[in-house]
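Straight run, no breaks: the sequence shown in our numbering ends on number 457.
Here a beta-carbon is modelled for each residue, glycine too, at the ideal position from N, C-alpha and C.
This structure is a prediction, so every number in the text was calculated from the model and none was measured.
Worksheet: the structure to be examined is printed underneath.
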Amino acid sequence: MTDASSYSFKWTLGFGKRMRQLRSQLGNPPYDIVEAAGGPPALEQADIEQPPLSDASTYMVSEDTLRQYAQAYTRLGARPGSEARDLCTGDAKQWPAPSTWVDESFVMALGEAGFAASDPELLEMRGRQVDQAARTASNGQNTFVFGALSNGELVNADHLKRFGRGAAPGNIAREEARAAVDLFYQHIAIVAGRHPAISVAADHFSGNAIARHWHSEDSVKRNVFGRLDPIDGIRTLTAARQRAIALKAAEERLDAVAPMIVLINALTDQLNAQSDTTAQSTLTALDTWRRYKEMPGKWSELLMGLPGETWRELPDVRSMVMATGKVLSRWEYVREGFPLELTYQLGADKQIEWAPKDVASPPGLSRQAGDLWLIGEPSGTYSAGLALIRDMGQPALHFRAEDEELVTLDPPPRYTALHWCPSGILDNIVLVHRAVPSQVQWRAVQIY
Numbered sequence: 010m011t012d013a014s015s016y017s018f019k020w021t022l023g024f025g026k027r028m029r030q031l032r033s034q035l036g037n038p039p040y041d042i043v044e045a046a047g048g049p050p051a052l053e054q055a056d057i058e059q060p061p062l063s064d065a066s067t068y069m070v071s072e073d074t075l076r077q078y079a080q081a082y083t084r085l086g087a088r089p090g091s092e093a094r095d096l097c098t099g100d101a102k103q104w105p106a107p108s109t110w111v112d113e114s115f116v117m118a119l120g121e122a123g124f125a126a127s128d129p130e131l132l133e134m135r136g137r138q139v140d141q142a143a144r145t146a147s148n149g150q151n152t153f154v155f156g157a158l159s160n161g162e163l164v165n166a167d168h169l170k171r172f173g174r175g176a177a178p179g180n181i182a183r184e185e186a187r188a189a190v191d192l193f194y195q196h197i198a199i200v201a202g203r204h205p206a207i208s209v210a211a212d213h214f215s216g217n218a219i220a221r222h223w224h225s226e227d228s229v230k231r232n233v234f235g236r237l238d239p240i241d242g243i244r245t246l247t248a249a250r251q252r253a254i255a256l257k258a259a260e261e262r263l264d265a266v267a268p269m270i271v272l273i274n275a276l277t278d279q280l281n282a283q284s285d286t287t288a289q290s291t292l293t294a295l296d297t298w299r300r301y302k303e304m305p306g307k308w309s310e311l312l313m314g315l316p317g318e319t320w321r322e323l324p325d326v327r328s329m330v331m332a333t334g335k336v337l338s339r340w341e342y343v344r345e346g347f348p349l350e351l352t353y354q355l356g357a358d359k360q361i362e363w364a365p366k367d368v369a370s371p372p373g374l375s376r377q378a379g380d381l382w383l384i385g386e387p388s389g390t391y392s393a394g395l396a397l398i399r400d401m402g403q404p405a406l407h408f409r410a411e412d413e414e415l416v417t418l419d420p421p422p423r424y425t426a427l428h429w430c431p432s433g434i435l436d437n438i439v440l441v442h443r444a445v446p447s448q449v450q451w452r453a454v455q456i457y
């Protein structure tokens with residue numbers, strides 16, 4: 010909770026099962042040992058952890074009871090003879106320390122999760138509130154809505170990762186998070202899929218795991234790199250220079266690449282205006298480049314149309330073509346299809362008559378909020394794709410596979426990651442860890 014007020018909630022089967030599991034994970038100490046370590050009375054422990062004779066149990070669990078559990082399990086996790094263990098009484102002083110351990114805030118967060126799960130109507134209402142807040146979030150560039158605390162307070166994040174990396178061995182949360190891989194990816198898909206932006210992932214194990222849980226198969230866009238045109242629609246030298254930087258053009262070649270991007274778009278617009286095409290079959294700038302890159306005369310002709318004082322300041326055509334080719338080569342490599350259709354027939358004189366025909370550009374990407382873009386091979390395309398999306402000003406989330414982390418494309422300079430762990434009570438309620446000084450570390454959050 011966010012204040013010091015006490016809470017109590019109606020016992021549920023899921024909460025009782027989780028508390029039994031927690032005891033087992035910590036070496037299965039008997040009720041009397043836990044009580045001697047500062048835990049709840051043995052009878053109260055039994056009421057919580059043993060299944061009732063009827064599903065209609067009215068037993069109430071208090072925050073004080075959870076605090077006693079947390080205190081006892083923390084003490085029993087310390088080695089015999091330590092200051093913490095000396096606070097125990099009787100046989101609890103010498104009870105063998107388990108190989109696993111838990112901190113107090115984790116146990117208290119389980120209490121929060123039990124409290125949040127105890128009222129089905131409130132749970133459903135809070136889920137709708139979270140979903141609405143997430144879909145209408147206005148700060149899509151920097152944060153996303155992760156869920157809500159048991160009091161309804163929204164939890165925003167800019168980094169979300171699975172708990173475990175860097176955690177001490179034996180930490181129960183580490184083992185819990187490690188064992189719940191599929192649930193983690195399901196939650197990533199839910200949180201990212203309702204965010205008012207696109208989401209980007211690499212087209213391998215992690216990206217495909219997210220795609221399996223995505224809200225709509227039609228919203229999963231594959232071969233994204235082959236369907237993106239990195240230079241289309243750029244009609245000013247300033248914008249072209251910025252795009253060339255995003256495409257990792259060498260700094261000393263920017264003055265060759267940037268004007269070439271403008272020339273390519275100018276030729277593209279001219280060709281589309283001159284041809285009898287529909288909106289679905291117009292050329293894009295990358296298609297124009299693929300067709301005319303080996304024809305320096307075409308580019309020289311365009312340059313000659315520039316004001317004299319302008320084209321004389323530019324590098325020679327061959328240098329511009331070579332520098333631009335290096336920048337666009339990886340985009341050409343994965344571009345879908347050949348830019349021309351080609352067929353032939355034999356004429357009356359038995360000569361071959363070739364019949365080339367323009368082919369429509371591959372379908373563009375819709376860039377709809379809630380889309381998942383999967384970027385695959387070749388090597389290096391993922392970072393290149395992210396750089397392009399960022400330069401396009403497209404708000405996005407992306408899943409960083411190497412860290413198993415969902416992040417915003419433009420996070421704030423200082424951030425604190427949320428570390429995810431299942432609660433074990435309900436799938437839609439998780440425990441999150443945020444290492445912020447002077448704050449409770451573990452909290453229960455309802456995701457949906």
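| field | Beta-carbon proximity list for Thr333, same chain, < 6 angstroms, skipping 5 on both sides | value | The sequence position of residue 333 within the sequence shown is 324, counting from 1. Result list for Thr333: Val266, Met269, in chain order.
| said: Using only CA atoms, which one of Thr109, Gln54, Leu119, Ala45 lies nearest to Gly99? | reply: For this step, residue 99 is matched to residue 90 along the sequence shown. Nearest in C-alpha terms to Gly99, of all of Thr109, Gln54, Leu119, Ala45, is Ala45.
| said: Only counting the same chain, and skipping five residues up and downstream in sequence, which positions put a Cβ closer than 8 angstroms to that of Ile456? | reply: Here residue 456 is taken as the residue at index 447 of the sequence shown, counted from 1. Excluding sequence positions up to five before and after Ile456, its CB lies within less than 8 angstroms of the CB of Val139, Phe155, Gly156, His196, Ile199, Val200, Asn437, Ile438, Val439, all in the same chain and listed in chain order.
| task | Put Asn37 into one of helix, strand or coil per three-state DSSP. | result | Here residue 37 is taken as the residue at index 28 of the sequence shown, counted from 1. In the three-state DSSP reduction, Asn37 falls in the coil class, being neither helix nor strand.
| What three-state label does DSSP hand Glu362 in the structure shown? | In the sequence shown, counting from the first residue as 1, residue 362 sits at position 353. Strand, per DSSP.
| query | For the putative contact between Val271 and Ala249, defined by C-beta atoms under 8 angstroms, what is the C-beta separation to the nearest angstrom? | reply | Stepping through the sequence shown from its first residue, residue 271 is reached at position 262. Stepping through the sequence shown from its first residue, residue 249 is reached at position 240. About 5 angstroms separates the beta carbon of Val271 from that of Ala249, a gap short enough to meet the 8 angstroms contact definition.
| query | I think Gly179 touches Ser108, with their Cβ atoms under 8 angstroms apart; what is that distance to the nearest whole Å? | reply | Taking the first residue of the sequence shown as 1, we reach residue 179 at position 170. Taking the first residue of the sequence shown as 1, we reach residue 108 at position 99. At roughly 6 angstroms, the Cβ-Cβ gap stays under 8 angstroms, so Gly179 and Ser108 are in contact.
| query | Do His168 and Glu414 have their CB atoms nearer than 9 angstroms? | reply | In the sequence shown, counting from the first residue as 1, residue 168 sits at position 159. In the sequence shown, counting from the first residue as 1, residue 414 sits at position 405. Yes, the pair counts as a contact, with Cβ atoms nearer than the cut-off.
| When DSSP labels each residue in this structure, what does Val416 get in the three-state scheme? | Within the sequence shown, the letter at position 407 stands for residue 416. DSSP places Val416 in strand when its eight states are reduced to three.
| said: I believe Lys230 touches Leu374 by the beta-carbon criterion, under 8 angstroms. Please report the beta-carbon distance rounded to the nearest angstrom. | reply: Counted from its first residue, the sequence shown places residue 230 at position 221. Counted from its first residue, the sequence shown places residue 374 at position 365. Indeed, because the Cβ distance is near 6 angstroms, the residues count as touching under 8 angstroms.
| task | Since I believe Ala294 is in contact with Asp238 (beta carbons under 8 angstroms), could you give me their beta-carbon distance rounded to a whole number of angstroms? | result | Within the sequence shown, the letter at position 229 stands for residue 238. Within the sequence shown, the letter at position 285 stands for residue 294. Confirmed, Cβ separation roughly 6 angstroms.
| message | Does Leu435 pass the burial test, meaning 16 or more other C-beta atoms within 10 Å, or should it be called exposed? | response | What you label residue 435 is simply residue 426 of the sequence shown in a count that begins at 1. Note on Leu435: 16 or more other CB atoms within 10 angstroms of its CB, so buried under the neighbour-count rule.
| query | Can you pull the DSSP bridge partners for Val439? | reply | Walking along the sequence shown from the start, residue 439 turns up at place 430. Partner(s): Pro431, Val454.
| task | Note down, in chain order, each residue of its chain lying with its Cβ closer than 7 angstroms to the Cβ of Met28, except the 5 sequence neighbours on either side. | result | Counted from its first residue, the sequence shown places residue 28 at position 19. Setting aside the 5 residues that flank it on each side, Met28 is surrounded in the same chain by Ile57, Glu58, each with a C-beta closer than 7 angstroms to its C-beta; the list follows chain order.
| message | When you compare the CB positions of Val471 and Ser17, do they come within less than 9 angstroms of one another, or not? | response | Nothing can be reported for residue 471, as the shown portion of the chain is limited to 10 through 457.
| request: For the segment 205–217 and the segment 377–386, state whether three or more C-beta atom pairs, one from each stretch, are separated by less than 8 angstroms. | output: At 8 angstroms Cβ cutoff, the stretches touch.
| Own chain, CB closer than 6 angstroms to Ser14, minus 5 neighbours either side, in chain order | Within the sequence shown, the letter at position 5 stands for residue 14. Any reading at Ser14 needs caution, since the residue's pLDDT is 49, under 50, leaving its predicted position unreliable; the model's value is listed next. If we look at Ser14 and ignore the five residues flanking it on each side, it has no Cβ neighbours.
| task | Reducing DSSP to helix, strand and coil, say where Gln141 ends up. | result | Walking along the sequence shown from the start, residue 141 turns up at place 132. Here Gln141 sits in helix by DSSP.
| query | When DSSP labels each residue in this structure, what does Lys26 get in the three-state scheme? | reply | Walking along the sequence shown from the start, residue 26 turns up at place 17. Here DSSP, grouped into helix, strand and coil, assigns Lys26 to helix.
| Ile361 to Gln354, Cα distance in whole Å? | Sequence index remark: in the sequence shown, residue 361 carries index 352 (1-based). Sequence index remark: in the sequence shown, residue 354 carries index 345 (1-based). Linking Ile361 to Gln354 through their CA atoms gives a straight-line distance of about 6 angstroms.
| Tell me which same chain residues have a C-beta within less than 6 angstroms of the C-beta of Tyr301, skipping the five on either side of it? | In the sequence shown, residue 301 corresponds to position 292, counting from 1. Counting only residues of its own chain and dropping the five nearest sequence neighbours on each side, Tyr301 has a CB closer than 6 angstroms to the CB of Lys307.
| task | Use the C-beta contact count for Asp12: other C-beta atoms within 10 angstroms, 16 or more gives buried, fewer gives exposed. | result | For the purposes of this step, residue 12 is taken as residue 3 along the sequence shown, with counting starting at 1. For Asp12, the predicted model reports a pLDDT of 43, less than 50, meaning its position is unreliable and no value from the coordinates is stated.
| message | Quick test of your reading: Trp451 and Ala79, contact by CB under 8 angstroms. State the CB separation rounded to the nearest angstrom. | response | The residue given as residue 451 occupies position 442 in the sequence shown. The residue given as residue 79 occupies position 70 in the sequence shown. Not confirmed; about 10 angstroms, so no contact.
| field | Rounded straight-line distance, which links the Cα of Phe234 to that of Glu226 | value | Indexing the sequence shown from 1 puts residue 226 at position 217. Indexing the sequence shown from 1 puts residue 234 at position 225. When rounded, the distance between both Cα atoms is 19 angstroms.
| task | For my contact list, Ala378 and Ala206 are in at a C-beta cut-off of 8 angstroms; report their separation, rounded to the angstrom. | result | If you number the sequence shown from 1, residue 378 lands on position 369. If you number the sequence shown from 1, residue 206 lands on position 197. Contact holds; Cβ gap of about 6 angstroms.
| said: Rounded to the nearest angstrom, what separates Thr247 and Glu130 at their Cα positions? | reply: The count along the sequence shown starts at 1 and reaches residue 247 at position 238. The count along the sequence shown starts at 1 and reaches residue 130 at position 121. When rounded, the separation of the alpha-carbon atoms in Thr247 and Glu130 is 56 angstroms.
| field | Alpha carbon of Tyr40 to alpha carbon of Pro50, nearest angstrom | value | Against the sequence shown, residue 40 aligns to sequence position 31. Against the sequence shown, residue 50 aligns to sequence position 41. Tyr40 and Pro50: Cα-Cα distance of roughly 8 angstroms.
| said: Give me the residue from Gly36, Leu163, Ala126 with the minimum Cα distance to Pro105. | reply: As a first step, residue 105 must be located in the sequence shown, where it is residue number 96. Out of Gly36, Leu163, Ala126, the CA that lies nearest to the CA of Pro105 is found in Gly36.
| request: Flag this pair as yes or no: are the beta carbons of Thr390 and Leu406 separated by less than 9 angstroms? | output: Mapped onto the sequence shown, residue 390 falls at position 381. Mapped onto the sequence shown, residue 406 falls at position 397. For the pair Thr390 and Leu406, the CB atoms are not nearer than the 9 angstroms cut-off.
| said: Once the 5 residues before and after Ser499 are set aside, which same chain residues still bring their CB inside 6 angstroms of it? | reply: Past the edges of the chain, shown from 10 to 457, lies residue 499, and the structure says nothing about it.
| task | For my contact list, His442 and Phe172 are in at a C-beta cut-off of 8 angstroms; report their separation, rounded to the angstrom. | result | What you label residue 442 is simply residue 433 of the sequence shown in a count that begins at 1. What you label residue 172 is simply residue 163 of the sequence shown in a count that begins at 1. Yes, they are in contact, since the Cβ atoms of His442 and Phe172 sit about 6 angstroms apart, within 8 angstroms.
| Which partner residues does Lys102 have in the DSSP bridge list? | Looking up residue 102 in the sequence shown gives position 93. DSSP, once it has assigned bridges, lists no residue as partnering Lys102.
| said: Whole angstroms are fine: how far does the CA of His204 sit from the CA of Pro404? | reply: Here residue 404 refers to the residue found at position 395 when the sequence shown is read from its first residue. Here residue 204 refers to the residue found at position 195 when the sequence shown is read from its first residue. In a straight line, the C-alpha of Pro404 is about 10 angstroms away from that of His204.
| task | Would you kindly work out how many angstroms separate the C-alpha atoms of Glu184 and Leu52, rounded to a whole number? | result | In the sequence shown, counting from the first residue as 1, residue 184 sits at position 175. In the sequence shown, counting from the first residue as 1, residue 52 sits at position 43. Each residue's CA atom was taken as its position, placing Glu184 and Leu52 some 29 angstroms apart.
| query | Taking the alpha carbon of Gly242 as the point to measure from, which residue in Thr277, Asp264, Leu263 has its own alpha carbon closest? | reply | Here residue 242 refers to the residue found at position 233 of the sequence shown. Nearest C-alpha to Gly242: Thr277.
| query | With 16 other CB atoms within 10 Å as the buried threshold, where does Pro316 fall? | reply | As a first step, residue 316 must be located in the sequence shown, where it is residue number 307. By the neighbour-count rule (16 or more Cβ atoms within 10 Å), Pro316 is not buried but exposed.
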